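Asks:
Residue numbers (our numbering), protein chains in the order written: chain A, 1 to 805; chain B, 1001 to 1164.
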């Protein structure tokens, strides 16, 4: 007979499982300056690499003279494309089926492109030597406009065979990469041609950059004695990096160990493989010494991982009373010099075809043309799941413009077009199956929370005062209801370089009832060590405080595709729950043996297995773990371990309702966010504190993108925004205050019903901020003005509307 | 190579005599020679504040201070605030209020906050936001950082009152 105190609530609380606002286990080292980021790593004899980069956006490289650099004391090597060519490493494959120069091979195609790699004993000497490398360039005409690139006689990619298909089908111009289509073009065009009302607009989601506070970098160390290559680096997908490194270097995969240490933010920037990684590895092989390369901020903004740059031409049709009948979209996508977009292989425009959003649209068409220009390659999913933020911005702007055409309130227009709760699982016109949602409930809760009617009345009062000349400030109310698609993804249609996008978890229970779990993902600040332990705590009844979570070392962690696209919780979180259930299944057999009953006569109860109908007869998980290692149990192997590779049956579809109230000074263009309300539905909530933190962070990145952050080029292809002086990262001073809220609609196919949340606030936030700007100026005839909405652009929009007298 | 200079730095209470190139940055001396890798490099242009340390009673961005300029100075880095057994109230408060995610800005953020609270022990929310505006964070949106700084201020102040 066992003691039944403490009670069930107390036992549940002790686990700190799903639903607990558990404090983070990562924080002890970070708050004490004991994090372990790649630039903190110091190995004996370590050398430093630094790049010579192109000052031109398009030029032939006619000569490279490295002799003066090589003569400098402390310089060990200077690598050029000529040195890499015999190894076949002067070019490398991209994630998008294209190839990219590692070092300039005869020409350069964007400003900041890698031309030579200097290796020296110290980072100061390396920087000195970079200045001593003499490169002769012959300038070529520059193309920075994707529309002009599609008309130009200037061929950017002379390495590609004219007329030959690309990785995604026919190329109809030398600067064309692909045309990708979804939906029914003919039917959509027919519906729109005969519609009561059609709204049409060109919407640009400008080029920007994830800009994590830690830039990209690595330390490559070739151990020639053991033939083993170890690379520590800022990798969001360490296992994929290992496979790619093996394929392109010829080093057997078991001889490569990739380690992602602590990562100082990723946001998509650290998904790709960059020339710096390849050059560091080659330099380590050549010199036999470890080689560190860490880019500086200017290199980061100029050369690695831009995001967005979609020109989206849209048409949306509706009946006179506001029922949407069709959606048509054509995107001109500026991919820069090489197609290095980080998308699942079969989706060269990512999941952009989620652009029917939260609405029941019977027919739709999307076509995306990818185009080469003289800009940096990248096209990463900056805190979004593969072009979902572009899609959400597009539909949420089109809805607002349609509301203008219909002379309707945009909240009402959304409401009458939402997919109803009883329509899930919902097949969208562009081919997705939305798993679950309850949009009307979320929307009504949001409108009530902000007193939407009251806000509209206040706005009208302010507008009247403005017209009477009593104020120069207008109020804008920015609405958004977004639907995301995350958790890539089902192996049947999602892969990266042929690697299926499953993920994994391996659990070992220790004899004294604590545990370690390793996953194929890697945290970059999301708090996996805290939250994945919570999933396990609820699944296996061992307190989260007794579970270590480890990620990022390919020699110890099971294979997985990494962390991006909000996939960790939907995929690796599911693997964690499934592996936990395998542990539980074995624990049940052990418990039944110990309690001398049949397996079916015991049931799991929070932290133990108890005999059905006799709760006082139980074995705790700690007792079961001990028995697994200390007792011969007939028919059961010793030990208590499990591994799960989880192939998700579908994506998950988090959603949310955001409302932004903004004041705009029409004379200065200055804005002030008076209120920002964010309701997120990410299914089952694992750690409310971490969710709220993710929402705050994502909204702030959205605020930056919508209100000023931009990667801009001049006509010569000079990058104008290469430092944090010009590239907007909001400070504590201007960042708004946020109010968070939630509804909870679990995913029906995820083992614990969780959907992922990290990217929702960025996806939903951008249109909310932008729509507030547009809403303020709507009474004066503004339909659409391009982001980012910095002071100058808002002032200009107000000026063009005649608001300056 | 320019002749090296002899400099003396007192970092977290320990005196170091070093030879430094005139162009050598304080952040590199701290990180690479003294192995104090708490302060980080985020931008090298004074914008992000990941490298913030306290020098002579003022917050400085150590990525744009020459080590030679710091000759003779008393410097405090994150490693000098609190110990694992006795954390600084700010270190406790950042954890308690989820004031960090990836942790990269955190050492600079806490070091700056410690100095801010010395200059202004009882700040308003607006004063915290303004006083911390030299330190960028890409993860948290600052709301919980501000909460943590205000909470730490209250803790420090009530400990002071109790002592008086």
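Glycine included, every Cβ here is placed at the ideal spot set by N, Cα and C. Values in this document were obtained by computation on a predicted structure and should not be read as measured data.
By the 8 Å beta-carbon criterion, what residues does the region 196-217 of chain A contribute toward chain B?
Replies: 211, 212, 213, 214 and 215
Asks: In this structure, does DSSP put residue 1029 (chain B) in helix, strand or coil?
Replies: Residue numbering aside, residue 1029 (chain B) sits at position 29 when the second chain is read from its first letter. Reduced to three states, the DSSP call for residue 1029 (chain B) is helix.
Asks: With the cut-off set at 8 Å, would you say residue 117 (chain A) and residue 57 (chain A) are in Cβ contact?
Replies: Locating residue 117 (chain A) in the first chain gives position 117, where the first residue counts as 1. Locating residue 57 (chain A) in the first chain gives position 57, where the first residue counts as 1. No Cβ-Cβ contact shorter than 8 Å links residue 117 (chain A) with residue 57 (chain A).
Asks: 8 Å is my cut-off, CB to CB: does residue 121 (chain A) come that close to chain C?
Replies: Annotation note: the requested chain C is absent from the structure, which comprises protein chains A and B.
Asks: Would you be able to state if there are at least three C-beta pairs under 8 Å between the region 97-115 of chain A and the region 358-370 of chain A?
Replies: No, the region 358-370 of chain A is not in contact with the region 97-115 of chain A.
Asks: Which first and last residues belong to the beta strand (DSSP E) in which residue 204 (chain A) is found?
Replies: Along the first chain, read from residue 1 onward, the residue named residue 204 (chain A) stands at position 204. Going by DSSP, residue 204 (chain A) is part of the beta strand (DSSP E) stretching over 197-208.
Asks: So which residues of chain A does residue 1054 (chain B) contact, with C-beta pairs closer than 7 Å?
Replies: Reading the second chain from its first residue, position 54 is the one you call residue 1054 (chain B). Within chain A, no residue comes near residue 1054 (chain B); the closest Cβ sits about 13 Å away, beyond 7 Å.
Asks: With 16 as the cutoff for other CB atoms within 10 Å, does residue 180 (chain A) come out buried or exposed?
Replies: Here residue 180 (chain A) is taken as the residue at index 180 of the first chain, counted from 1. Buried, by the Cβ-count rule.
Asks: With DSSP as the reference, label residue 518 (chain A) as helix, strand or coil.
Replies: Numbered from its first residue, the first chain carries residue 518 (chain A) at position 518. The answer is strand: DSSP assigns residue 518 (chain A) an E or B state.
Asks: Is the beta carbon of residue 1140 (chain B) closer than 8 Å to that of residue 696 (chain A)?
Replies: Counting from one through the first chain, the residue named residue 696 (chain A) turns up at place 696. Counting from one through the second chain, the residue named residue 1140 (chain B) turns up at place 140. When the beta-carbon positions are compared, residue 696 (chain A) and residue 1140 (chain B) come within less than 8 Å of each other.
Asks: Can you find a CB in chain B that lies within less than 8 Å of the CB of residue 296 (chain A)?
Replies: The residue labelled residue 296 (chain A) in the question sits at position 296 within the first chain. Residue 296 (chain A) counts as touching chain B.
Asks: I think residue 133 (chain A) touches residue 198 (chain A), with their Cβ atoms under 8 Å apart; what is that distance to the nearest whole Å?
Replies: The sequence position of residue 133 (chain A) within the first chain is 133, counting from 1. The sequence position of residue 198 (chain A) within the first chain is 198, counting from 1. Actually they are not in contact, since the Cβ atoms of residue 133 (chain A) and residue 198 (chain A) sit about 57 Å apart, beyond 8 Å.
Asks: Kindly list, in the order they appear in chain B, the residues whose Cβ is closer than 7 Å to that of residue 733 (chain A).
Replies: Walking along the first chain from the start, residue 733 (chain A) turns up at place 733. Simply 1129, 1130 and 1133.
Asks: If we count the other Cβ atoms within 10 Å of its Cβ and call it buried at 16 or more, is residue 1061 (chain B) buried or exposed?
Replies: The count along the second chain starts at 1 and reaches residue 1061 (chain B) at position 61. Residue 1061 (chain B) should be labelled buried.
Asks: Return the chain-ordered ranges of every alpha helix (DSSP H) run that is complete within the region 1084-1156 of chain B and spans a minimum of 4 residues.
Replies: Unbroken alpha helix (DSSP H) runs of no fewer than 4 residues, entirely contained in the region 1084-1156 of chain B, are found at 1089-1096, 1106-1119 and 1125-1131, following chain order.
Asks: Taking 8 Å as the CB-CB cut-off, is residue 696 (chain A) touching chain B?
Replies: Your numbering for residue 696 (chain A) matches position 696 in the first chain. Chain B contact via Cβ: present.
Asks: When you compare the CB of residue 700 (chain A) with every CB in chain B, is at least one pair closer than 8 Å?
Replies: To locate residue 700 (chain A), count along the first chain from 1; it is residue 700. At least one chain B Cβ lies under 8 Å of residue 700 (chain A).
Asks: Hey, residue 282 (chain A) and residue 89 (chain A) are a contact pair by Cβ (cut 8 Å); roughly how many whole angstroms apart?
Replies: Here the question's residue 282 (chain A) lines up with position 282 in the first chain. Here the question's residue 89 (chain A) lines up with position 89 in the first chain. Right, the Cβ-Cβ distance comes to about 6 Å (below 8 Å), so this counts as a contact.
Asks: Taking the C-alpha atoms as reference points, what is the distance between residue 67 (chain A) and residue 1019 (chain B)?
Replies: The sequence position of residue 67 (chain A) within the first chain is 67, counting from 1. The sequence position of residue 1019 (chain B) within the second chain is 19, counting from 1. Cα-Cα distance, rounded: 30 Å.
Asks: So which of B:1071, B:1160, B:1100 and B:1064 has the shortest CA-CA distance to residue 1145 (chain B)?
Replies: As a first step, residue 1145 (chain B) must be located in the second chain, where it is residue number 145. Comparing alpha-carbon positions, the option among B:1071, B:1160, B:1100 and B:1064 lying closest to residue 1145 (chain B) turns out to be B:1100.
Asks: Provide the residue(s) that pair with residue 228 (chain A) in DSSP beta bridges, ordered along the chain.
Replies: For the purposes of this step, residue 228 (chain A) is taken as the residue at position 228 of the first chain. According to DSSP, which records beta bridges pairwise, residue 228 (chain A) is partnered with A:223.
Asks: When you check each C-beta in the region 297-327 of chain A against every C-beta of chain B, which residues fall closer than 7 Å?
Replies: 297
Asks: How long is the line joining the alpha carbons of residue 170 (chain A) and residue 379 (chain A), rounded to whole angstroms?
Replies: Here residue 170 (chain A) refers to the residue found at position 170 of the first chain. Here residue 379 (chain A) refers to the residue found at position 379 of the first chain. Roughly 21 Å between the two C-alpha positions.
Asks: Excluding five sequence neighbours on each side, which residues of the same chain lie with their C-beta closer than 7 Å to the C-beta of residue 173 (chain A)?
Replies: Here residue 173 (chain A) is taken as the residue at index 173 of the first chain, counted from 1. Same-chain partners within the cutoff: 150.
Asks: Let me check one thing: in DSSP terms, what residues is residue 1044 (chain B) bridge-paired to?
Replies: By one-based count along the second chain, residue 1044 (chain B) stands at place 44. Looking at the DSSP assignment, residue 1044 (chain B) forms no beta bridge with any residue, so it has no partner.
Asks: Are there 16 or more other CB atoms within 10 angstroms of the CB of residue 202 (chain A), so buried, or fewer, so exposed?
Replies: In the first chain, the residue the question calls residue 202 (chain A) occupies position 202. Exposed.
Asks: Expressed to the nearest angstrom, what Euclidean distance is found between the alpha-carbon atoms of residue 486 (chain A) and residue 727 (chain A)?
Replies: Stepping through the first chain from its first residue, residue 486 (chain A) is reached at position 486. Stepping through the first chain from its first residue, residue 727 (chain A) is reached at position 727. For residue 486 (chain A) and residue 727 (chain A), the distance between alpha carbons rounds to 28 Å.
Asks: Comparing alpha-carbon positions, which option in A:505, A:796 and A:634 lies nearest residue 646 (chain A)?
Replies: Here the question's residue 646 (chain A) lines up with position 646 in the first chain. Answer by Cα proximity: A:505.
Asks: Indicate whether at least one CB of chain B lies closer than 8 Å to the CB of residue 679 (chain A).
Replies: Within the first chain, the letter at position 679 stands for residue 679 (chain A). Output row for residue 679 (chain A): interface = no.
Asks: Please return the same chain residues whose Cβ sits closer than 6 Å to the Cβ of residue 746 (chain A), not counting the five positions on each side in sequence.
Replies: Within the first chain, the letter at position 746 stands for residue 746 (chain A). So the qualifying residues of the chain are 683, 684 and 753.
Asks: Show which residues of chain A have a CB atom less than 8 Å away from the CB atom of residue 1084 (chain B).
Replies: Taking the first residue of the second chain as position 1, residue 1084 (chain B) is located at position 84. Proximity of chain A to residue 1084 (chain B) at the Cβ level (cut-off 8 Å) is accounted for by 28 and 32, in chain order.
Asks: For a contact meaning CB atoms closer than 8 Å, what does residue 475 (chain A) contact in chain B?
Replies: Residue mapping note: residue 475 (chain A) aligns to position 475 of the first chain, counting from 1. The CB of residue 475 (chain A) never comes closer than 8 Å to any CB in chain B; the least such distance is about 22 Å.
Asks: Which residue from B:1156, B:1152, B:1063 and B:1007 puts its Cα closest to that of residue 297 (chain A)?
Replies: As a first step, residue 297 (chain A) is located in the first chain; it is residue number 297 there, counting from the start. It is B:1063 whose Cα lies nearest to the Cα of residue 297 (chain A).
Asks: Residues in the region 242-274 of chain A with C-beta within 9 Å of chain B's C-beta atoms, listed in sequence order?
Replies: Cβ contacts with chain B come from 262, 263, 264, 265, 266 and 267.
Asks: Give a yes or no on whether 8 Å exceeds the smallest Cβ distance from residue 431 (chain A) to chain B.
Replies: Counting from 1 along the first chain, the entry for residue 431 (chain A) is found at position 431. With 8 Å as the cut-off, residue 431 (chain A) does not count as an interface residue toward chain B.
Asks: Give the DSSP bridge partners of residue 679 (chain A), in chain order.
Replies: In the first chain, the residue the question calls residue 679 (chain A) occupies position 679. Per DSSP, A:657 and A:741.
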